[in-house]
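Be aware that the sequence shown starts at 0, since it is given in numbering that gives the first Met the number 0, and climbs by one per residue.
For each residue, glycine too, the CB sits at the ideal point set by N, CA and C.
Data block below; observations after.
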Amino acid sequence: MPRNKQLSDYQWNRIIEVMNKGLDITFVHYGIRKDDMQLIESLANEAELDADWLKELLKNYHEKRVKDQEIEDKTIEKIIEQALNKLQ
Numbered sequence: 000m001p002r003n004k005q006l007s008d009y010q011w012n013r014i015i016e017v018m019n020k021g022l023d024i025t026f027v028h029y030g031i032r033k034d035d036m037q038l039i040e041s042l043a044n045e046a047e048l049d050a051d052w053l054k055e056l057l058k059n060y061h062e063k064r065v066k067d068q069e070i071e072d073k074t075i076e077k078i079i080e081q082a083l084n085k086l087q
């Protein structure tokens, strides 16, 4: 049986520091770290794509992926098709 051990303030601060580095809000919403999202946004702008549209596509994909870890190709196609329909 595991014993209940109280963590020191230092240990809690280290845990929080590591968690903050590991999971930022961008990662929670999109499955992509903030730095990588900035790169994606800049590439989208260079390709003259709407970055917000692309972020919505990524967010929808991530939400489906979280719900069903083994997402089927048909589901991915549907997500992309819905996103493309919004462009028209």
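What are the boundary residues of the alpha helix (DSSP H) that residue i is part of?
| i | result |
| --- | --- |
| Gln68 | Counting along the chain, Gln68 falls outside any alpha helix (DSSP H), and DSSP gives it neither H nor E. |
| Ala43 | Lys33 to Glu45 |
For residue i, I'd like the list of residues in its chain whose CB is within less than 6 Å of its CB, leaving aside the five on either flank, ordered along the chain.
| i | result |
| --- | --- |
| Asn84 | none |
| Leu53 | Ala43 |
| Glu40 | Ala50 |
| Ile31 | none |
Please state the DSSP three-state secondary structure of residue i.
| i | result |
| --- | --- |
| Asp8 | helix |
| Gln87 | coil |
| Leu56 | helix |
| Asp51 | helix |
Can you tell me whether residue i is buried or exposed, with buried defined as 16 or more other CB within 10 angstroms of its CB?
| i | result |
| --- | --- |
| Gln29 | Residue identity check: residue 29 is Tyr in the sequence provided, not Gln. By the 10 Å Cβ count, Tyr29 comes out buried. |
Please list, in chain order, all residues of the same chain as residue i whose beta carbon is under 8 Å from its beta carbon, the five residues on each side excluded.
| i | result |
| --- | --- |
| Asn59 | Ile78, Gln81 and Ala82 |
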